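Visitor:
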Amino acid sequence: MQQPSTDRYDICQKADAIHGWLKMVTSRRTVDILHWQETQGYTGNLMEIGVMCGKYFSLMVDSAMRTGDTVLGIDTFQYANEKRVVTELTGVFGKAVTDRFKLWRRQSNTVSATELTHAIGRPRFISVDGAHDFENVYRDMELAEQVVSHKGVISADDFLNPLTLGVNQAINAFLSRPRAVVPVAFVANKLFLVHRSVEEEYRGAVEEMIRNGKDAEAEAFKQRATHGRHHIEQDFHGHKVLIG
């Protein structure tokens, strides 16, 4: 099992070199969440729908290397094949990494919740970043909600991106009815959702993560907070969402 780095953000720099789209602040906050799960003893495998070349996937693999968990990636691999993903990840972690992840060449709409829980249990972290049209995003969000651990997190990509209106429509439609999972934080294109039972716990933890951050976005968050909570937290579908 990999020994933890003295700087948990090392993986953010390494992931930045992998082809794909991911803002550094989002990478750092995701690593913060994964690290917090580890310190809290929130165990479980991890999963991503829409792996591409493995950029965001590598953050989850980094956590799995420490905890001994497995990361499942589901993708059609039409833009980057499995070999490319394996090459990227072994370049970052070495050959031992292949024991920490597995890849399914599948359309996510062919995967059932039962099949997933039989394969990897209930994941503690799920990234939804597959097809970006309304129908597929809505279905992927429902699938994630069905299988995520009660202490887990769903990260929904490209929310509020004007170039992915289908994602925005799907997530708003998904949240327009009572759900087991609710939004707690938004960080540069990623909306993070958790089970209702741990909503306040995660929201408080994420705010502490941001306030402890040393990056420019964390400093801006702290500065905005001096002008009132409404500058760092917004009501969204009946829930308080941190804007980090």
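FYI, in numbering that gives the first Met the number 0 the residues of the sequence shown are 0 to 243. Positions of the beta carbon are idealized from the N, C-alpha and C atoms, including for glycine. Given the structure is predicted, the values throughout are model-derived calculations rather than measurements.
#1: Mapping the DSSP letters down to three states, classify PHE133 as helix, strand or coil.
#2: Thinking just about the alpha-carbon of each residue, which of TYR137, ALA143 and GLU87 is nearest to the one in SER264?
#3: LYS189 and ALA215: beta carbons closer than 8 Å?
#4: In the structure shown, what three-state DSSP assignment does ILE125 receive?
#5: Apart from the five residues just before and just after TYR201, which ones in its own chain have a Cβ nearer than 6 Å to its Cβ?
#6: Would you mind stating whether ILE119 and LEU159 have Cβ atoms separated by less than 8 Å?
#7: What is the residue span of the beta strand (DSSP E) that MET46 lies within?
#8: Is ASN135 buried or exposed, if buried means 16 or more other CB atoms sit within 10 Å of its CB?
#9: Contact between the region 71 to 81 and the region 98 to 116 is defined here as three or more beta-carbon pairs at a separation below 8 Å; is this criterion met?
#10: Return the Cβ separation of MET208 and ASP31 in integer angstroms, given the expectation that the two are a contact with Cβ distance under 8 Å.
#11: Rank GLY212, LEU88 and LYS54 by C-alpha distance to the C-alpha of GLY19 and give the top, closest one.
#12: Could you tell me whether the Cβ of GLN222 comes closer than 8 Å to any Cβ of chain C?
#13: For the structure I just gave you, are there three or more beta carbon pairs, one from the region 26 to 44 and one from the region 55 to 66, closer than 8 Å?
#14: Roughly how many whole angstroms lie between the Cα atoms of ARG263 and LYS221?
#15: Does DSSP classify PHE158 as helix, strand or coil?
#16: Are PHE139 and VAL127 close, meaning C-beta to C-beta below 8 Å?
#17: The beta strand (DSSP E) spanning LYS239 covers which residue range?
#18: Considering TRP35, what are the terminal residues of the alpha helix (DSSP H) in which it resides?
#19: Could you tell me which of LEU174, GLU47 and GLY212 sits nearest to ARG195, measuring between CA atoms?
#20: Between the C-alpha atoms of VAL181 and ARG223, what's the straight-line distance to the nearest angstrom?
#21: Going straight from the alpha carbon of ASP132 to that of LEU162, what length do you get?
#22: Give the single residue among ASN211, ALA217, THR109 and HIS236 whose Cα lies nearest to the Cα of ILE170.
#23: Output the distance between the C-alpha atoms of THR75 and SER57, rounded to the nearest integer angstrom.
#24: Grouping DSSP H, G and I as helix and E and B as strand, with all else coil, what is VAL152?
Guide: For this structure:
#1: helix
#2: Here the chain comprises residues numbered 0 to 243, so residue 264 is not present and cannot be evaluated.
#3: no
#4: strand
#5: VAL183 and VAL193
#6: no
#7: 45 to 48
#8: buried
#9: yes
#10: 4 Å
#11: LYS54
#12: Any reference to chain C falls outside this structure, which holds one protein chain only.
#13: yes
#14: Beyond the ends of the chain as shown, which are 0 and 243, falls residue 263; an answer cannot be given.
#15: coil
#16: Contrary to the premise, residue 139 reads as Asp rather than Phe in this sequence. Yes, Cβ-Cβ distance for ASP139 and VAL127 is below 8 Å.
#17: 238 to 242
#18: 23 to 39
#19: LEU174
#20: 24 Å
#21: 11 Å
#22: HIS236
#23: 18 Å
#24: strand
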